Every structure is written in C-alpha cells, then in structure tokens.
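Okay, structure first, notes after.
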Amino acid sequence: MSKVETVPMLCDQCAMSLPPRGCTSYGVCGKDADLQSLQEALIYGLKGISAYYYHARSLGYDDPEISYFLASALYKTLTNVDFSKENFIKMILEAGRIHIKTMELLDKAYVETFGAPQVVEVPTGTEEGHGILVTGHSYKPLYELLKQIREMGLEDEIKVYTHSEMLPAHSYPKLKAFPSLYGNWGGSWVYQKREFAQFPGVIIGTSNCVQQPTPAYANRIFTTDIAGLEGVPHLEGDFTPAIKRALETPRLEKKEGGKLVTGFHHTNVLPLLDKVIDLINEGKIRHVFVVGGCDLPNPKMSYYKRFTELVPKDSIILSAACAKFHYNNRNYGTIEGIPRFMDFGQCNNVYSILVIASELAKRLGKDLNNLPVSIVLSWMEQKAVAILYSLLYLGIRGIYIGPVLPKFFTPNVLEKLVKEFDLRLVGDPEKDLHEMLKKGSSVDEGSPVFTS
Ligand code: SF4
Ligand code: SF4
C-alpha cells in the first residue's frame, strides 16, 4: 500500500502549544506525531460511535458501557494523561468493539420502534401533490412529520419523499404504513445541491450529511434534530411551519420512474442462509462481496461503480450506506432465487451485515478470514471510521478501503495497520477483484475470472 503524504502533527489543545499555530513536529509535553495520529484516530472513531449512539438514545435506548467508554476514551486524549502508543492502539480496537455494541443497540431501537425491515421496492417517480423531501439518518423526525401530516388531514395533499440515507425508511413497517410516504428522490448527499434545487417542494435535513443551501432552495429548507444550517429555520418536534410552507410550493405532477429495492436485514436474510450455504457448497455462489460505505465528491468513486459491474454473475453483493447510489439501480438478478444485490440501508444499518457474516462463518465452520467474503469500503467521515475499527476489532484482514487513505494516520501508524491487518487501498477494479476472488475460494488461478 502506498503511503499517504501527511502534514506534520498539529496539536494546539493546551496552553503549552508552540507559536504560531501549535506543536507541529514534537509536543512540548513530549507527544510525538505518531501518538498525536493515534489520538486523532481514536477521537474520529468516537465521533462515529457518538452518531450511532445519539440515534439510539433519541429513541430511548441507552447502555452505560457505551457512555463510560466514550467518556474514558476522550479523557485519555487530554494533555499529559497517556503517552503509550500501545494503549491507544488497544483503545482504537476497543472502540471497534464498543461500536459493534452501539450498532446492535441502534438496530434494536429501530426494530422495536419501527418494526423489522421488509424488502420493498421504492418508486423513484413522483406522485401528484405538494412535496416534502426528507434527508439524513433520523427516522424519528420523519415519523413525527408523517404523523402530523395525518393529524392535519393532508395525506392526500402532501407526499413525502426520501433522499440519500433516508431511503431505507420505506422498509420499516411503521413508517411505510403512512400513505403520505411515497418514494425516493435523487441519489447520495453529494448531489444534494443540484437535486434539492430541482425538487419543487420543501426539504428537511435531519442529520449528517446536509450542506449549506444554495439560493435556489434556501427559502424552502428546514433542519431538525441534530442538523443545523446557517440562516435556516430549525424545527424541534412541531413540523407545522414546514407543512404550511410545502402547501405554498408548486405541486409535483405524477411521473413514473424506476424502482429501488431496499430493506434487507438479518431478520429477513438469515432464513435464506441455509440455501446460500447450499449454493456455496455446490459452487453456485462463488463469492460474497460486501461493498458499502460513504459517497464523496471524488472522481475515484467510479471505482465502486466499475467494481460492482465486474462482480461475476455467480457472486452476490451485500451493500449499505450512500455510495450504493453509484450502483444500486441495476438489475443484478438472482442466483436460484437469492438476490445478487442486497441493500441493507444506511450506514446506520451495517450491523445486519456483521450478523450475517458471523452466522455464515459459524455455519461453515470457518473464521471470517477464511470465508469467500471480501470487504470493499468507501469512507468519507467518522461514522465509516468507527465501522472500520469494528472490522479490525473482529480481526478481519485484507479489507480494501478507498477512495483515499485517511490522512490522520502517520506513515508509521499506517504501516502498522497494513502489517497487522493487511489493510489495502483500492486500486484497479479488475486487479482487485481478481485478487479477492482467490480468497476462500477454489477458483483456478488460470481460469477466466470474469464470467458473463
Ligand atoms: S498537548 Fe502537548 S502537543 Fe498538544 S499543544 Fe499541548 S504541549 Fe503541544
Ligand atoms: S454513508 Fe457516510 S457519507 Fe453517506 S450519508 Fe452516511 S455518513 Fe454521510
């Protein structure tokens, strides 16, 4: 793996920081660049865990072990508390363990609050009526909005659309039960400025990833929950201003569009696992690819589009999070009734994929590293960092990450990760795929890798 160009360390967190900007190569306290890198790496993981934990807590789900870990891990990064790099590496892996607990808690919160997800086809066209477009990860405000539209007797007048990470809302029975929840508009957050401008109705941002609006829609966007935008009204609980504003915006016309399939979850995939195992044993499913993560405005994201296009027809893809908008609108077909492409939802739904992978390993009597399973991640921000730490905590080797390496790892820290976990940067999709297909599989090196 090629090393990243890193800037010298930068720490300005205490009064001993050196002028003009802070300690940039060695701390007055004795901290060096590698320790600073590990502390930052830990803090970014904590931010990711906090995002998941926030959503669980918003729904009333709590775990004192997670709270204690967040406090103690942050405390460790104060000035003059812990100078042991080994301790920070252990703490990063512990963050991975805690993140699995957090993802499990959030999944429980979602399922108990909104019902177990069901596989659904989501329209991408539009329905006649005024529109409200909801983006982000927070299902709770979406539920409140749908309820208030019902209470105001406006379910025929206003249709609600999901954007980006809100797409899987359609798979939760208690959200889907509202007739005003209609379809999905657009792709990932990366295109939101263009897609929000094209949407004629009101937009509500509920969490990350929301951006400052352009003038084209600045007068019809609101935030709620954790999200906030400069100069944009923020709603807490009462969505009347957004609903009233929607009634002033132009109506959408009925327009047919394609359908996106989402809603895979361990509760609806585990019953298929015996069949998947039979198909693996019969050589009819050669490989399982977990391709998921964030989208970002980087031309290198084309890697994931091409990679999923190349995946052989006797392999399946499990996906989650917003990079999938590069490749979720294809018809992947099935292998003897097993869908070749399964969308598990948001980055907040990754837990399901871990449950399935662990169960597959258990039933095949192999460890995760010896399964015919490869993981290809795209990362943009700290939620994906926390997921990466969970995979490392599980001891999974050979993960491909991209489209770029984290710049918060110094070359030394990166080298350690590569050595211990065989962490790889995505490169050429054909070559990477060829390499991945060798794993846990009896594919003959000389045979054509790409079947049609
Ligand atoms: S904590 Fe250490 S490295 Fe950071 S500003 Fe203070 S003295 Fe410098
Ligand atoms: S997957 Fe990452 S980039 Fe995409 S919406 Fe979730 S947090 Fe944001």
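Numbering (this note's numbering), first residue to last: -17 to 434.
Built from N, CA and C at the ideal position, the CB exists for glycine as well.
Quick caveat, the model's predicted, so the values are computed rather than measured.
Is residue i helix, strand or coil when you go by DSSP?
i           : result
residue -9  : coil
residue 359 : strand
residue 156 : helix
residue 208 : coil
residue 273 : strand
residue 51  : helix
residue 435 : Not covered by the structure: residue 435. The range shown for the chain is -17 to 434.
residue 216 : strand
residue 144 : strand
residue 278 : coil
residue 388 : coil
Alpha carbon to alpha carbon, how far is residue j from residue i? Give it in angstroms, no decimals.
i           : j           : result
residue 381 : residue 414 : 11 Å
residue 192 : residue 183 : 17 Å
residue 146 : residue 327 : 10 Å
residue 303 : residue -6  : 34 Å
residue 287 : residue 65  : 43 Å
residue 160 : residue 74  : 42 Å
residue 135 : residue 356 : 49 Å
residue 366 : residue 16  : 21 Å
residue 334 : residue 106 : 25 Å
residue 360 : residue 305 : 7 Å
residue 257 : residue 68  : 43 Å
Which residues in the same chain have their Cβ closer than 7 Å to the Cβ of residue i, if we skip the five residues on either side of it in sequence?
i           : result
residue 424 : Any answer about residue 424 is weak, because its pLDDT of 44 lies below 50 and its placement is not dependable; what the coordinates show is given next. For residue 424, where only same-chain residues beyond five positions count, there are no Cβ hits under 7 Å.
residue -1  : -7, 5
residue 266 : 296, 317, 318
Is residue i buried or exposed, if buried means 16 or more other CB atoms sit within 10 Å of its CB?
i           : result
residue 18  : buried
residue 141 : buried
residue -3  : exposed
residue 195 : buried
residue 63  : exposed
residue 110 : exposed
residue 180 : exposed
residue 57  : exposed
residue 384 : buried
residue 411 : buried
Tell me the residue span of the alpha helix (DSSP H) that contains residue i.
i           : result
residue 108 : Run containing residue 108: none; DSSP gives neither H nor E here.
residue 73  : 67 to 96
residue 307 : Run containing residue 307: none; DSSP gives neither H nor E here.
Who are the near neighbours of residue i in its chain, counting only those whose CB is closer than 6 Å to its CB and skipping five residues on each side?
i           : result
residue 208 : 189
residue 87  : 38, 43, 45
residue 29  : 364
Which residues in the same chain have their Cβ closer than 8 Å to the Cβ of residue i, if we skip the five residues on either side of it in sequence?
i           : result
residue 177 : 145, 167, 168, 169
residue 215 : 204, 205, 223
residue 157 : 96, 121, 124, 125, 128, 151, 163
residue 255 : 338, 341, 342, 345
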